[in-house]
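Engineer: Below is one structure. I have some questions about it.
Protein chains: 2
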Amino acid sequence: MDRPVVPLGRPRTERADAKRNRLRLLAVVREMLEECGAEHVTMDALAERAGLGKGTVFRRFGSRAGIFKALLEEEARRFQELVLSGPPPLGPGAGPAERLIAYGRVRIGFLTDNLAVARAAMDRDVAAPAVEVDMTRLHIRMLLGQADLGVRDVEGLALQLSAALEGPLLLYMASPQALTDARDGGAMRLADAWQDLVERLFRAGPEQPPRGPE
Amino acid sequence: MDRPVVPLGRPRTERADAKRNRLRLLAVVREMLEECGAEHVTMDALAERAGLGKGTVFRRFGSRAGIFKALLEEEARRFQELVLSGPPPLGPGAGPAERLIAYGRVRIGFLTDNLAVARAAMDRDVAAPAVEVDMTRLHIRMLLGQADLGVRDVEGLALQLSAALEGPLLLYMASPQALTDARDGGAMRLADAWQDLVERLFRAGPEQPPRGPE
DNA sequence: CAACTAAACGGACTTTACCCCGTTTATATT
DNA sequence: AATATAAACGGGGTAAAGTCCGTTTAGTTG
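The following block contains the structure:
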């Protein structure tokens, strides 16, 4: 009678065939991604090429966007490991300011490197960034806690900062030309702007930096 | 021989029937928008209810998102008039700082008021914000020019500021819960954050505020 | 007013994401 | 090993966006 206490939620163990098919689908989608672009990956073709039914594909990933989200999350797991236990300045060992700057820099690099996949992951499901923003917010909050700035509302400040990082990044992903300087065609230096923001925040000391929510 | 010098671009004059149908479609879509939500407006239903063919709908607006974009632009025209010649602090008459703050506040209000339509306008065409961002950037640049801060790179600063305004706003529209405080469920005060940013910029004086692109 | 032309129109057709549900299968239990 | 069952599977079906191209029509010119 050692039933799990929690009856809700999906089954804890993934069936062997389900796992095999999930990995197979991810592998095939990566193949197709290289051959043609993300926009030419259709679910029919994916299913056929993986030797599976369409129904299986959707049961696994819920939607077309879901597949690309899964692809992205695989990468994101690696990123998160680096953040939590990799070498400084991204990982532990550096000061909070350096780690904040490094976090933004690497996250921006990560998403711009995977621009096509990230865009496909948003398709028809613009709510996608929610979970990623939350990851960013939690990490920022942790670092702010360590920094011990004299800020009353750490939670609120973390939210502000994550919006300042993820917002322009989302805008850039949505339409890179929107953040392109008309004069020289150079893309805005998101990472530099982020670094500057963090440095000013830490320089300012215990007054009131980016205002927290009321 | 008074041919227009520019042979490119679409014909300058809209045919009478085309105009009639365009207005009719916009009216019908507004109706349907109230009855059911934006997500239940289908192009087939729209065409039928307007007594027109589907081809006509797409010829006019290019895509489903295009219709909602047109709807939004109609409102945006009114907004722009207020900006250019309305009463202060949004319109001329107030100082650059007040006008910048007012601009952000009203733009945020405008988009959150029309959240459903704005989301529909992004569907399948996340590049939508590009044109709006450009409007924001130009206006900010104009006000910065008047302010005569001691900034070397006004163009770059304007780009940074428009990203700081439009980025988080886009993020909020994409997934409001991403910018929601987990403790009290209150949405982040975008407008307050914007006001704070502008005030700090003007307080800082002629040193180096939000860094411009290299 | 008649001929002409470029634009607008209509609606069948195609494509593709996503749903449904009868069938199969992995896994736990005895 | 036999049984039970919850999960996974398959692929035909549906809905809705977007395309194509033959037909109609507004506006222009002589």
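Sequence lines, in order, name chains A and B.
If you read the first sequence in the UniProt record's numbering, its first letter stands for residue 1, the second for the next number, and so on.
If you read the second sequence in the UniProt record's numbering, its first letter stands for residue 1, the second for the next number, and so on.
Where is the CB? At the ideal position from N, CA and C, for every residue including glycine.
Give, in chain order, every residue of the region 58-89 of chain A whose Cβ lies closer than 7 angstroms to some Cβ of chain B.
Structural biologist: The residues in question: there are none.
Engineer: Return the first residue and the last residue of the alpha helix (DSSP H) that Asp125 (chain A) is part of.
Structural biologist: Taken as a continuous stretch (DSSP letters only), Asp125 (chain A) belongs to no alpha helix (DSSP H), as it is neither H nor E.
Engineer: Are Asp125 (chain B) and Ala65 (chain B) close, meaning C-beta to C-beta below 8 angstroms?
Structural biologist: Their beta carbons are under 8 angstroms apart, which means Asp125 (chain B) touches Ala65 (chain B) by this criterion.
Engineer: In chain A, what lies closer than 9 angstroms to Glu155 (chain B) by C-beta?
Structural biologist: Under the 9 angstroms cutoff, chain A gives Asp181, Ala182, Arg183.
Engineer: I want to verify the contact list: residues of chain B whose CB lies under 7 angstroms from the CB of Ala127 (chain A), in sequence order.
Structural biologist: Under the 7 angstroms cutoff, chain B gives Ala174, Ser175.
Engineer: Taking the beta carbon of residue 257 (chain B) as the centre, do at least 16 other beta carbons fall within 10 Å, making it buried, or is it exposed?
Structural biologist: Lying outside 1 to 214, the shown extent of chain B, residue 257 (chain B) is not represented and no answer is given.
Engineer: Three or more C-beta pairs under 8 angstroms: does that hold for the region 185-200 of chain B against the region 101-115 of chain B?
Structural biologist: Verdict: yes, contact present.
Engineer: How many whole angstroms separate the CB atoms of Val41 (chain B) and Val29 (chain B), which I take to be in contact at a CB cut-off of 8 angstroms?
Structural biologist: Their Cβ separation, rounded to whole angstroms, is 6 angstroms, which keeps Val41 (chain B) and Val29 (chain B) in contact under 8 angstroms.
Engineer: Please list the segments of the alpha helix (DSSP H) lying wholly inside the region 177-203 of chain B, counting only runs of 4 or more residues, in order along the chain.
Structural biologist: Qualifying alpha helix (DSSP H) stretches: none in this window.
Engineer: Which whole-angstrom value is the C-beta distance of Leu82 (chain B) and Gly93 (chain B), which I expect to be below 8 angstroms?
Structural biologist: Rounded, the Cβ-Cβ distance is 12 angstroms, inconsistent with contact.
Engineer: Would you give the residue range spanned by the alpha helix (DSSP H) that Asp113 (chain A) belongs to?
Structural biologist: Counting along the chain, the alpha helix (DSSP H) containing Asp113 (chain A) begins and ends at 96-113.
Engineer: So that I know if they touch, is there some Cβ in chain B lying closer than 8 angstroms to that of Gly167 (chain A)?
Structural biologist: Judged by the 8 angstroms Cβ criterion, Gly167 (chain A) is in contact with chain B.
Engineer: Report the rounded CA-to-CA distance for Asn114 (chain B) versus Ala163 (chain B), giving the unit in angstroms.
Structural biologist: So the alpha carbons of these two residues sit roughly 20 angstroms apart.
Engineer: Can you pull the chain B neighbours of Ala50 (chain A), defined as C-beta to C-beta under 8 angstroms?
Structural biologist: Here the premise fails: no neighbours, minimum Cβ distance about 26 angstroms.
Engineer: List the residues of chain B that Leu159 (chain A) touches, going by C-beta distances under 8 angstroms, in chain order.
Structural biologist: Going along chain B in sequence order, the residues near Leu159 (chain A) (Cβ under 8 angstroms) are Leu179, Asp181, Met188.
Engineer: Check the C-beta distance from Thr136 (chain B) over to Glu166 (chain B) and give it rounded, since I have them as a contact under 8 angstroms.
Structural biologist: That belief holds up - the Cβ atoms of Thr136 (chain B) and Glu166 (chain B) are roughly 6 angstroms apart, short of 8 angstroms.
Engineer: Among the residues of its own chain, which have a CB less than 8 angstroms from the CB of Ala193 (chain B), if the five just before and after it don't count?
Structural biologist: So the qualifying residues of the chain are Pro168.
Engineer: For Asp148 (chain A), return the contacting residues in chain B, with the cut-off set at a CB-CB distance below 8 angstroms.
Structural biologist: Here the premise fails: no neighbours, minimum Cβ distance about 21 angstroms.
Engineer: Please confirm whether Ala174 (chain A) and Ala187 (chain B) have their CB atoms less than 8 angstroms apart.
Structural biologist: In this structure, Ala187 (chain B) does not lie closer than 8 angstroms to Ala174 (chain A) by Cβ.
Engineer: Check this for me: beta carbons of Ala178 (chain A) and Ala178 (chain B), under 8 angstroms apart or not?
Structural biologist: The answer is no: Cβ separation not under 8 angstroms.
Engineer: Of the residues B:Ala182, B:Glu132, B:Gln160, which one's Cα is nearest the Cα of Arg77 (chain B)?
Structural biologist: Considering only alpha carbons, the answer is B:Glu132.
Engineer: Does Leu111 (chain B) get closer than 8 angstroms to chain A when you measure Cβ to Cβ?
Structural biologist: Answer no: the Cβ-Cβ gap between Leu111 (chain B) and chain A never drops below 8 angstroms.
Engineer: Have a look at B:Glu35, B:Arg49, B:Ala97 and flag the residue whose alpha-carbon is nearest the alpha-carbon of Asn21 (chain B).
Structural biologist: Cα-wise, what sits closest to Asn21 (chain B) is B:Arg49.
Engineer: Have a look at Gly55 (chain A) and Ala120 (chain A) and give me their C-alpha separation to the nearest angstrom.
Structural biologist: When rounded, the distance between both Cα atoms is 20 angstroms.
Engineer: Quick one: using the 10 Å Cβ neighbour count with 16 as the cut-off for buried, is Leu23 (chain A) buried or exposed?
Structural biologist: Leu23 (chain A) should be labelled exposed.
Engineer: Spatial neighbours of Ala47 (chain B) within its chain, please: C-beta separation below 8 angstroms, excluding the five flanking residues on both sides.
Structural biologist: Answer for Ala47 (chain B): Gly53, Lys54, Thr56, Val57, listed in chain order.
Engineer: Per DSSP, Pro92 (chain A) is paired with what?
Structural biologist: Per DSSP, A:Ala94.
Engineer: Rounded to whole angstroms, how far is the Cβ of Val117 (chain B) from the Cβ of Phe79 (chain B), which I believe are closer than 8 angstroms?
Structural biologist: Actually they do not touch by this definition, with Cβ atoms about 14 angstroms apart.
Engineer: If I'm right that Leu157 (chain B) touches Leu138 (chain B) with Cβ under 8 angstroms, what's the distance once you round it to whole angstroms?
Structural biologist: About 13 angstroms; that fails the 8 angstroms criterion.
Engineer: Could you give the DSSP three-state label for Thr42 (chain A): helix, strand or coil?
Structural biologist: Three-state DSSP puts Thr42 (chain A) in coil, outside helix and strand.
Engineer: Considering only residues of the same chain and omitting the five flanking positions on each side of Arg60 (chain B), which have a CB-CB separation below 6 angstroms?
Structural biologist: Correct list, in chain order: Arg22.
Engineer: Compare the C-alpha of Arg203 (chain A) against each of A:Met43, A:Pro96, A:Leu84, A:Asp153 and name the closest.
Structural biologist: Minimum Cα distance to Arg203 (chain A) is reached at A:Pro96.
Engineer: Does any CB atom of chain B fall closer than 8 angstroms to the CB of Asp123 (chain A)?
Structural biologist: Asp123 (chain A) counts as touching chain B.
Engineer: Just to check my reading of the structure: Ala191 (chain B) and Ile140 (chain B) have Cβ atoms closer than 8 angstroms, yes? What is that Cβ distance to the nearest angstrom?
Structural biologist: At roughly 16 angstroms, the Cβ-Cβ gap does not stay under 8 angstroms, so Ala191 (chain B) and Ile140 (chain B) are not in contact.
Engineer: Closer than 8 angstroms by beta-carbon distance: list the chain A residues that pair up with Val133 (chain B), in chain order.
Structural biologist: Within chain A, the residues near Val133 (chain B) are Leu171, Ser175, Ala178, Leu179.
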